[in-house]
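S.K.:
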Amino acid sequence: MNHSNSNYTATSTESFSDLHNSSINSPNDFWAKQAERIYWHKKPEQILDDSKLPFAKWFVGGKTNLCYNCVDRHLETRAEQDAFVWVSSEINQELLDNHPGVAEAFKALDNHVEFYTDYAKRRLTYNRLYKEVNYLADVLQRLGVGKGDRVVIYMPMILEAAYAMLACARIGAIHSVVFGGFAAHNLAVRIDDSEAKMVITVDAGLRGGKIINYKNLVNQGVEQAKHKPEKVLVVDRGILPFEPQERDIDFATERRISCDNRAVVEPVWLESNEPSYLLYTSGTTGTPKGVQRDTGGYAVALATTMDYIYDGNPGETFWAISDIGWAVGHSYTIYAPLLTGLTSIMYEGLPHNPNPGIWWRIVEANKVNILFTAPTGVRMLKKQDETWLTRYDTSSVKSFFLAGEPLDEPTGEWLSGHLGVPIIDHYWQTETGWPILSHVPKFNYKEHRPGTPGYPMYGYDAKVLHEETGEPCQPGEKGLLAIAAPLPPGCLTTVWRNDERFIKSYYNLFDGKQYSSSDYAMIDEDGYYHILGRTDDVINVAGHRLGTQEIEAAISEHPEVAEVGVVGIKDELKGELPIAFCILRDPSIIEDTEGRFRVEQQIIGVVAKSLGALARPAAIYFPKALPKTRSGKILRRAIRALAEGKDTGDMSTLEDPTAIDAVKAALDSY
Ligand code: ATP
Ligand code: MG
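For my numbering, add 534 to where a residue sits in the sequence shown, where the first one is 1.
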């Protein structure tokens, strides 16, 4: 299979290496130029203030507004262009029949939805988005929310969630979107940490036809929180009746007042470094950290990525298949496409509902140009009949980006084979808000190479440093991925109200001036970077340090393996031993002992061949599911605890609680 960029012609005449060099050597010039991509109410007085590293300030003294840049700025040229196309495979005829309140609720919000048998759709122009955002901003102001106040948004993938984020940005309130799948406890922790003045929520969400009682979860969350929000603004979707509480405010009623008044709210101009939002990390390795994002730097950074990295042009359609509760959803479902004047697809639904063709059907119907998701969703589709992909016209797609966890080559190949476009693995973190490593198909630069997330993006002075000495590693040598301070614009400015945790979590290695990613990496002979796993996921076998991710990568080369998680367990003789948990494409293979033995031997064989005998898993289990975080990452710490018969600890970010039992059952059956 050919992964090269032959079908992707570089459109830039600039040299990417010149760009990167200038971003590192002359950051002031480089970013001053990029800053012209956005509207400044007042121009910055200073581009970079690096006098208090690792705390950096970008575009000091400049005043701007994220919402103005995302919405108002486009009214002159693209008022009638779609800003969003919302598709819900959860709102289908069956739901409408069983819940007549749903259609009523859309009407009450002047929400002109097109209903089909198995999905619903709403197109929203920039003009209409402008109006809705102003109404909601007006509602917030009337309810006493102002600049600097924190607003927790706990909502499913509906347009009102986008309005809420943008409305907060408009009035200078700091939003903190909490992933809708989180339980009351997670919500309480985030309400307390952010001391939210308001929570915005819905009566209910839907997941594969199952109704999720958001309102009840909010009631419990508020109950459990020490800090009590003054108001809970409820978008009633007409799905689940609820008993209003004292602090509840009905959104439709308030919106009607603003709408009747044709409310227009002046954007509040924020100094570039004033916070736009808080977002808690995924919690894969421990307690989530409240990442604090600035305003001007974030807008400039995202607008720049849309051009240089994603090659998204005004009028094109971008679909980041992610929940708005994650960093990808913030940056690439909401802010970046709007900043550049694209159309963004917002999807409420699962990848395989009503069937595994839904993504491609949406791509065909909306002529999506650029896709972005996490490998986990693609792996899920890879397990299905592939004709689901081939029956739709996906020729509008020019590139497909993946991030969030390692992309195994077979998955990338499967996807690129069917779509015929480059599948671009790129690497970033909640903390950075945009890619650290990527390929840049727009430029005539290094050839796209599958199996690596590319090379450092402009603004990132990313190196691989020797774990003990802090010296740069040689090509092929494994070390820690570190970025020299200052991080470029758009990255976290601190941990919310916790500068100490910011330093301790990210800058306590080496000379205090290197941002540590907590990921191992290696740069190959040709300058491509490879991510070798998290520093938390290293095991020590007889004095040899092995990354569980390297073993996983080897195992996923086995054609029968759909997904795999490797952890280390204590061993008296060798210190630690790797054990593997594999999900097979066809689980019936291991129903008889002979089949199981064959697959086990083959798996052990592929590991021994690529990593040596020491890395061979001491045992291989075949659970029905693997525990994952809500963002689709394998929770190795949970698997390890189960294998060692210990308590799994904080499981609040777990996606599917039955996966714990699945792992237990697999362990017991051995
Ligand atoms: P927490 O920091 O709370 O433990 P998390 O690190 O999973 O959670 P995120 O910010 O969502 O939270 O994820 C970033 C991490 O995901 C990276 O540090 C890296 O470990 C992994 N990652 C992201 N993209 C890639 C990629 N392309 N290849 C390999 N790993 C990736
Ligand atoms: Mg992390």
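Glycine is no exception: its CB is placed at the ideal position from the N, C-alpha and C atoms.
Of all the options 893, 947, 942 and 963, which has the alpha carbon lying nearest to the alpha carbon of residue 931?
M.R.: Working through the sequence shown from its first residue, we reach residue 931 at position 397. The shortest C-alpha separation from residue 931 is found at 893.
S.K.: Using the DSSP secondary-structure output, state which residues sit across from residue 580 in a beta bridge.
M.R.: Here residue 580 is taken as the residue at index 46 of the sequence shown, counted from 1. For residue 580, which the question treats as bridged, DSSP gives the partners 594.
S.K.: Out of 801, 879 and 1058, point me to the one whose CA is closest to residue 619's CA.
M.R.: Sequence index remark: in the sequence shown, residue 619 carries index 85 (1-based). Residue 619 has its Cα closest to that of 879, out of 801, 879 and 1058.
S.K.: Scan the stretch 602-659 and note each continuous beta strand (DSSP E) run of 3 residues or more that stays entirely inside, going in chain order.
M.R.: Runs found: 616-622 and 654-659.
S.K.: Just reading off the beta strand (DSSP E) that residue 1256 is part of, what are its end residues?
M.R.: Residue 1256 is absent from the structure shown; the chain starts at 535 and stops at 1204.
S.K.: Give the secondary structure of residue 773 by DSSP, where H, G and I count as helix, E and B as strand, and everything else as coil.
M.R.: Looking up residue 773 in the sequence shown gives position 239. Reduced to three states, the DSSP call for residue 773 is coil.
S.K.: Residue 565 bridges to which residues according to DSSP?
M.R.: Residue mapping note: residue 565 aligns to position 31 of the sequence shown, counting from 1. None; residue 565 has no bridge partner.
S.K.: Hey, out of 586, 554, 573 and 566, whose CA is closest to residue 1046's CA?
M.R.: By one-based count along the sequence shown, residue 1046 stands at place 512. Considering only alpha carbons, the answer is 586.
S.K.: Taking residue 544 as the reference, give the member of 975, 654 and 696 with the closest Cα.
M.R.: For this step, residue 544 is matched to residue 10 along the sequence shown. With distances taken between Cα atoms, residue 544 lies closest to 975.
S.K.: To the nearest angstrom, how far is it from the Cα of residue 1098 to the Cα of residue 1141?
M.R.: Counting from one through the sequence shown, the residue named residue 1098 turns up at place 564. Counting from one through the sequence shown, the residue named residue 1141 turns up at place 607. Rounded to the nearest angstrom, the two C-alpha atoms are 13 Å apart.
S.K.: Per DSSP, residue 1078 is paired with what?
M.R.: The residue labelled residue 1078 in the question sits at position 544 within the sequence shown. In the DSSP output, where bridge partners are listed per residue, residue 1078 has 1075.
S.K.: Expressed to the nearest angstrom, what Euclidean distance is found between the alpha-carbon atoms of residue 730 and residue 761?
M.R.: As a first step, residue 730 must be located in the sequence shown, where it is residue number 196. As a first step, residue 761 must be located in the sequence shown, where it is residue number 227. Each residue's alpha carbon lies about 8 Å from the other.
S.K.: From which residue to which residue does the beta strand (DSSP E) around residue 991 run?
M.R.: Locating residue 991 in the sequence shown gives position 457, where the first residue counts as 1. Where residue 991 is concerned, there is no enclosing beta strand (DSSP E), given that its DSSP letter is neither H nor E.
S.K.: Given the structure, does residue 815 come close to the ligand MG, in the sense that its CB is under 6 Å from one of the ligand's heavy atoms?
M.R.: Start at 1 with the first residue of the sequence shown, and residue 815 comes out as number 281. Result yes, Cβ under 6 Å from the ligand MG.
S.K.: Are the stretch 556-570 and the stretch 761-780 in contact at 8 Å, needing three or more beta carbon pairs?
M.R.: Contact fails: fewer than three Cβ-Cβ distances are below 8 Å.
S.K.: Could you check if residue 910 is buried or exposed, using at least 16 other CB atoms within 10 Å of its CB as the buried criterion?
M.R.: For the purposes of this step, residue 910 is taken as residue 376 along the sequence shown, with counting starting at 1. Buried.
S.K.: Within 8 Å, do at least three Cβ pairs link the stretch 1065-1073 to the stretch 1141-1150?
M.R.: Contact fails: fewer than three Cβ-Cβ distances are below 8 Å.
S.K.: Rounded to a whole number of angstroms, what is the C-alpha to C-alpha distance between residue 1055 and residue 987?
M.R.: Reading the sequence shown from its first residue, position 521 is the one you call residue 1055. Reading the sequence shown from its first residue, position 453 is the one you call residue 987. The straight-line gap from Cα to Cα measures roughly 11 Å.
S.K.: Identify the continuous alpha helix (DSSP H) that holds residue 789 and give its terminal residues.
M.R.: Within the sequence shown, the letter at position 255 stands for residue 789. Segment 785-794, the alpha helix (DSSP H) holding residue 789.
S.K.: Between the beta-carbon of residue 1022 and the beta-carbon of residue 993, is there less than 7 Å?
M.R.: Within the sequence shown, numbered from 1, the residue matching residue 1022 stands at position 488. Within the sequence shown, numbered from 1, the residue matching residue 993 stands at position 459. It is a contact, given that the beta carbons lie within the stated cut-off.
S.K.: With a cut-off of 8 Å, do at least 3 Cβ pairs link the stretch 744-755 to the stretch 711-726?
M.R.: With the cut-off at 8 Å, the stretch 744-755 and the stretch 711-726 touch.
S.K.: Between 823, 1129, 625 and 1150, which lies nearest to residue 887 when the distance is taken from Cα to Cα?
M.R.: Working through the sequence shown from its first residue, we reach residue 887 at position 353. Out of 823, 1129, 625 and 1150, 625 has the C-alpha closest to the C-alpha of residue 887.
S.K.: Within 10 Å of its beta-carbon, does residue 539 have 16 or more other beta-carbons around it, so buried, or fewer, so exposed?
M.R.: The residue given as residue 539 occupies position 5 in the sequence shown. Note on residue 539: pLDDT 39, under 50, position unreliable in the model; no value is reported.
S.K.: Cutting at 8 Å between CB atoms, please list the residues of its own chain near residue 1150, excluding the five before and the five after it.
M.R.: Walking along the sequence shown from the start, residue 1150 turns up at place 616. Result list for residue 1150: 1112, 1138, 1141 and 1142, in chain order.
S.K.: What residues are listed by DSSP as bridge partners for residue 826?
M.R.: Position 292 of the sequence shown, counted from the first residue, corresponds to residue 826. According to DSSP, which records beta bridges pairwise, residue 826 is partnered with 812 and 1028.
S.K.: Go to residue 897, then tell me how far its alpha helix (DSSP H) extends in each direction, as first and last residue.
M.R.: The residue labelled residue 897 in the question sits at position 363 within the sequence shown. Unbroken alpha helix (DSSP H) run through residue 897: 892-900.
S.K.: Can you look up residue 1136 in the DSSP assignment and give me helix, strand or coil?
M.R.: Counting from 1 along the sequence shown, the entry for residue 1136 is found at position 602. Correct three-state label for residue 1136: helix.
S.K.: Here's the rule I'm using: 16 or more other beta-carbon atoms within 10 Å means buried, otherwise exposed. How should residue 939 be labelled?
M.R.: In the sequence shown, the residue the question calls residue 939 occupies position 405. Its Cβ being crowded by 16 or more others within 10 Å, residue 939 is buried.
S.K.: Looking at the strands, I want to know which residues DSSP matches up with residue 765.
M.R.: Stepping through the sequence shown from its first residue, residue 765 is reached at position 231. Paired residue(s): 732.
S.K.: How about the stretch 684-697 and the stretch 858-872: do they share at least three Cβ pairs that are nearer than 8 Å?
M.R.: Yes, since at least three Cβ pairs between the stretch 684-697 and the stretch 858-872 fall closer than 8 Å, the two stretches touch.
S.K.: For the ligand ATP, is there any heavy atom lying closer than 6 Å to the beta carbon of residue 938?
M.R.: Within the sequence shown, the letter at position 404 stands for residue 938. Answer for residue 938: yes, Cβ within range of the ligand ATP.
S.K.: Which term fits residue 1031, buried or exposed, when burial requires 16 or more other beta carbons within 10 angstroms of its beta carbon?
M.R.: Along the sequence shown, read from residue 1 onward, the residue named residue 1031 stands at position 497. The residue is exposed, with fewer than 16 neighbouring Cβ atoms inside 10 Å.
S.K.: Following a CB-centred definition, is residue 987 positioned closer than 6 Å to any heavy atom of the ligand ATP?
M.R.: Taking the first residue of the sequence shown as 1, we reach residue 987 at position 453. Result yes, Cβ under 6 Å from the ligand ATP.
S.K.: Look up residue 1064 in the DSSP assignment and say whether it is helix, strand or coil.
M.R.: Stepping through the sequence shown from its first residue, residue 1064 is reached at position 530. Note: residue 1064 maps to strand in three-state DSSP.
S.K.: Confirm the yes/no value for this check: CB of residue 1124, any heavy atom of the ligand ATP, distance under 6 Å.
M.R.: Residue numbering aside, residue 1124 sits at position 590 when the sequence shown is read from its first letter. Outside the cutoff, so no.
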